[in-house]
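Engineer: Sharing a structure, written as structure tokens. Questions coming.
Residue numbers (our numbering): 562 to 1073.
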């Protein structure tokens, strides 16, 4: 559906079901070479080879996922017998065989028939045939005639088959061919040149991702224990500068989130301060490792959870709507969310001083435009920030919802209501004083850009219940119990009531 490395397992399931129903359809699973760095792909290969069900796996090999592929498997795929040494050896052997009197021509014909097997022995085919796949390739993926011939021949084969196809990411559009990382996901641009479409708007503030990356570089200059880890996204997570500045303290593990987390745990046991920079939606893939390998032994691993909340056009598979829900349940974990890019920098500094696991979730896109302080400050762990006092209504806001909450409060103040606003900052540990603030106000609006189910609003309700605060009206605003569709973040926030106008409507309902 959206995350990598799943197609072989899904294809095998479909093939097995069709066989049980007596259907003879061919099932084709397409997988990129970048996706082969994840363990799930090999789990699918292993089961497919064992069951020997009919399944065609097309390996799209373009040496890229989002960033260039890394690791031993990527290196193995690149061992193709097409270099000068092989061609020279081939010509020399053909010459020798052809010169043999009487039998030379026959031996040459036999050798040519065995050529494909010889190439397979010393190329990726050796690996896939060990999984009991019939290996075909590598084939030029931009030659339609070659592909048609290959699939016509392949459809008659029984059992699992792997077709290795070589492609170029961005093929046919020169700017994308030259810079495939940048063109993996882009906004509006000029087609003739590939340049971003310009307008007369002022230069936007740096993104949260950029602030994270800059902060990491600054802190790593002073603290030699800081080690950065990402899963196939050094550019996307803002770690490109870090990787260039401190290559010995940076690892891109490929699309291998589970490995990334446990690798970080190993580093932490030896006194390092690993920071795992990963998108919220991809962190879900390593939940077991977060629990057992980091939180249970209480290791000081920092999770920089990028793309927390709505992410826009990437759609249902990439919105980071569940991280607060699944992280706040974990013992020993500190969980926080900044109200702006400056607070993010201070949270990174704070996280590296906490003797246990920490997660910081922050949104995609540009900051709100506040300057980042030149000196970092350690935030008091578990302490919220009161931004406005009020007696009629209390807004408990988290992360990206803080500034829209302030906007809504300003409108309500003009209408005669006394509204308090708190930047809660910490989901865990939760500031116990919030229960007293809520009791004093009598009406509480909780705002978060996360699923309402099990989210920050639920944490507030639990806090009030534990404190015996019953006579309080609470309204929670968050993402409803559904997968959110594609769309610009601003429009999605408007639709789900996660902007100032939405908070204003919810507040008026409470005050009515």
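We put the beta carbon where it would ideally sit given N, CA and C, even for glycine. As the structure is a computational prediction, the values presented were derived from the model and not from experiment.
1) Is the segment 1022-1042 touching the segment 925-945, taking contact as three or more C-beta pairs under 8 Å?
2) Could you tell me the boundaries of the alpha helix (DSSP H) in which residue 725 lies?
3) Under 8 Å, do residue 834 and residue 808 count as touching if we go by C-beta distance?
4) If you reduce the DSSP assignment to three classes, tell me which class residue 893 lands in.
5) For my contact list, residue 828 and residue 788 are in at a C-beta cut-off of 8 Å; report their separation, rounded to the angstrom.
6) Can you tell me whether residue 954 is buried or exposed, with buried defined as 16 or more other CB within 10 angstroms of its CB?
7) Residue 903 by DSSP, collapsed to three states: which one?
8) How big is the Cα-Cα spacing for residue 821 and residue 791?
9) Which ranges does the alpha helix (DSSP H) cover as unbroken runs of at least 4 residues, wholly within the segment 930-991, from first to last along the chain?
10) Just tell me which of 949, 911, 963 has its CA closest to the CA of residue 939.
11) Are the beta-carbon atoms belonging to residue 889 and residue 881 less than 8 Å from one another?
12) Between the C-alpha atoms of residue 569 and residue 774, what's the straight-line distance to the nearest angstrom?
13) Between residue 988 and residue 885, which are expected to be in contact by the criterion C-beta below 8 Å, what is the C-beta distance as a whole number of angstroms?
14) Would you tell me roughly how many angstroms separate the C-alpha atoms of residue 1051 and residue 875, rounded to the nearest one?
15) Quick one: Cα of residue 825 to Cα of residue 849, how far?
16) For residue 867, list the residues DSSP reports as bridge partners.
17) Can you list the beta strand (DSSP E) stretches of 3 or more residues lying completely in the segment 796-848, in chain order?
18) In whole angstroms, what is the alpha-carbon distance linking residue 1031 and residue 1069?
19) What number of angstroms, rounded off, separates the C-alpha of residue 768 from the C-alpha of residue 693?
20) Select from 816, 871, 604 the residue whose C-alpha is nearest the C-alpha of residue 596.
21) Could you name the residues that DSSP lists as bridge partners for residue 622?
22) Strictly by DSSP, which residues pair up with residue 701?
23) Give me the Cβ distance between residue 582 and residue 615, rounded to the nearest whole Å; I'm assuming they're in contact under 8 Å.
24) Measure the C-alpha to C-alpha separation of residue 1008 and residue 1060 and round it to an integer number of angstroms.
25) Assess, as a yes-or-no matter, whether the segment 840-847 is touched by the segment 894-901 under the definition of 3 or more beta carbon pairs within less than 8 Å.
26) Is residue 695 helix, strand or coil by DSSP?
27) Quick one: Cα of residue 709 to Cα of residue 572, how far?
28) Could you tell me the boundaries of the beta strand (DSSP E) in which residue 774 lies?
29) Quick check: what's the CA-CA separation for residue 566 versus residue 725?
30) Count the other CB atoms within 10 Å of the CB of residue 617; is the residue buried (16 or more) or exposed (fewer)?
31) So the alpha helix (DSSP H) residue 1017 belongs to, where does it begin and stop?
32) Can you say whether residue 853 is buried or exposed, counting buried as having 16 or more other CB atoms within 10 angstroms of its CB?
33) Classify residue 764 as buried or exposed, calling it buried when 16 or more other Cβ atoms lie within 10 Å of its own Cβ.
34) When the Cα atoms are used, what is the spatial distance from residue 1080 to residue 920?
35) Tell me which residues share the same chain as residue 697 and place their Cβ nearer than 6 Å to its Cβ, disregarding the 5 neighbours each side in the sequence.
36) Taking DSSP's pairing of strands, which residues face residue 1034 in a bridge?
Structural biologist: Quick answer:
1) no
2) Against the chain shown, residue 725 aligns to sequence position 164. Not the alpha helix (DSSP H): residue 725 falls in the beta strand (DSSP E), residues 721-727.
3) What you label residue 834 is simply residue 273 of the chain shown in a count that begins at 1. What you label residue 808 is simply residue 247 of the chain shown in a count that begins at 1. Contact flag unset, no.
4) Taking the first residue of the chain shown as position 1, residue 893 is located at position 332. Reduced to three states, the DSSP call for residue 893 is coil.
5) Counted from its first residue, the chain shown places residue 828 at position 267. Counted from its first residue, the chain shown places residue 788 at position 227. That pair is a contact at about 5 Å.
6) Within the chain shown, numbered from 1, the residue matching residue 954 stands at position 393. Residue 954 comes out buried.
7) The count along the chain shown starts at 1 and reaches residue 903 at position 342. In the structure shown, residue 903 sits in a helix (DSSP, three-state: H, G or I).
8) Working through the chain shown from its first residue, we reach residue 821 at position 260. Working through the chain shown from its first residue, we reach residue 791 at position 230. Residue 821 and residue 791: Cα-Cα distance of roughly 7 Å.
9) 963-975
10) Numbered from its first residue, the chain shown carries residue 939 at position 378. Nearest option by C-alpha distance: 911.
11) Taking the first residue of the chain shown as 1, we reach residue 889 at position 328. Taking the first residue of the chain shown as 1, we reach residue 881 at position 320. No, the pair does not count as a contact, with Cβ atoms beyond the cut-off.
12) Locating residue 569 in the chain shown gives position 8, where the first residue counts as 1. Locating residue 774 in the chain shown gives position 213, where the first residue counts as 1. Rounded to whole angstroms, residue 569 to residue 774 spans 35 Å at the Cα level.
13) Here residue 988 corresponds to residue number 427 of the chain shown, with the count starting at 1. Here residue 885 corresponds to residue number 324 of the chain shown, with the count starting at 1. At roughly 6 Å, the Cβ-Cβ gap stays under 8 Å, so residue 988 and residue 885 are in contact.
14) As a first step, residue 1051 is located in the chain shown; it is residue number 490 there, counting from the start. As a first step, residue 875 is located in the chain shown; it is residue number 314 there, counting from the start. Going from the Cα of residue 1051 to the Cα of residue 875 covers about 14 Å.
15) Here the question's residue 825 lines up with position 264 in the chain shown. Here the question's residue 849 lines up with position 288 in the chain shown. One C-alpha to the other measures close to 14 Å.
16) The residue given as residue 867 occupies position 306 in the chain shown. 840.
17) 811-813, 834-840
18) The residue you call residue 1031 lines up with position 470 of the chain shown. The residue you call residue 1069 lines up with position 508 of the chain shown. So the two alpha carbons sit approximately 21 Å from each other.
19) Position 207 of the chain shown, counted from the first residue, corresponds to residue 768. Position 132 of the chain shown, counted from the first residue, corresponds to residue 693. Going from the Cα of residue 768 to the Cα of residue 693 covers about 47 Å.
20) What you label residue 596 is simply residue 35 of the chain shown in a count that begins at 1. The option with the nearest alpha carbon to residue 596 is 816.
21) As a working note, residue 622 is residue 61 in the chain shown. BP columns for residue 622 point to 727.
22) Mapped onto the chain shown, residue 701 falls at position 140. In the DSSP output, where bridge partners are listed per residue, residue 701 has 727.
23) Taking the chain shown and counting its residues from 1, the one referred to as residue 582 is at position 21. Taking the chain shown and counting its residues from 1, the one referred to as residue 615 is at position 54. Their Cβ separation, rounded to whole angstroms, is 13 Å, which puts residue 582 and residue 615 out of contact at 8 Å.
24) Sequence index remark: in the chain shown, residue 1008 carries index 447 (1-based). Sequence index remark: in the chain shown, residue 1060 carries index 499 (1-based). Rounded to whole angstroms, residue 1008 to residue 1060 spans 10 Å at the Cα level.
25) no
26) Indexing the chain shown from 1 puts residue 695 at position 134. Strand.
27) As a position in the chain shown, residue 709 is number 148, starting the count at 1. As a position in the chain shown, residue 572 is number 11, starting the count at 1. Near 21 Å, if we compare the C-alpha coordinates of residue 572 and residue 709.
28) Within the chain shown, residue 774 is the residue found at index 213, counting from 1. Not the beta strand (DSSP E): residue 774 falls in the alpha helix (DSSP H), residues 769-783.
29) Along the chain shown, one-based indexing puts residue 566 at 5. Along the chain shown, one-based indexing puts residue 725 at 164. For residue 566 and residue 725, the distance between alpha carbons rounds to 16 Å.
30) Residue numbering aside, residue 617 sits at position 56 when the chain shown is read from its first letter. Residue 617 comes out buried.
31) Your numbering for residue 1017 matches position 456 in the chain shown. Unbroken alpha helix (DSSP H) run through residue 1017: 1017-1027.
32) For the purposes of this step, residue 853 is taken as residue 292 along the chain shown, with counting starting at 1. With fewer than 16 Cβ atoms within 10 Å of its Cβ, residue 853 is classed as exposed.
33) Within the chain shown, the letter at position 203 stands for residue 764. It counts as exposed.
34) Nothing in the structure corresponds to residue 1080, since the chain is present only between 562 and 1073.
35) Within the chain shown, residue 697 is the residue found at index 136, counting from 1. Counting only Cβ-Cβ distances below 6 Å, and skipping sequence neighbours, we find 724.
36) Here the question's residue 1034 lines up with position 473 in the chain shown. Answer by DSSP bridge pairing, in chain order: 1004.
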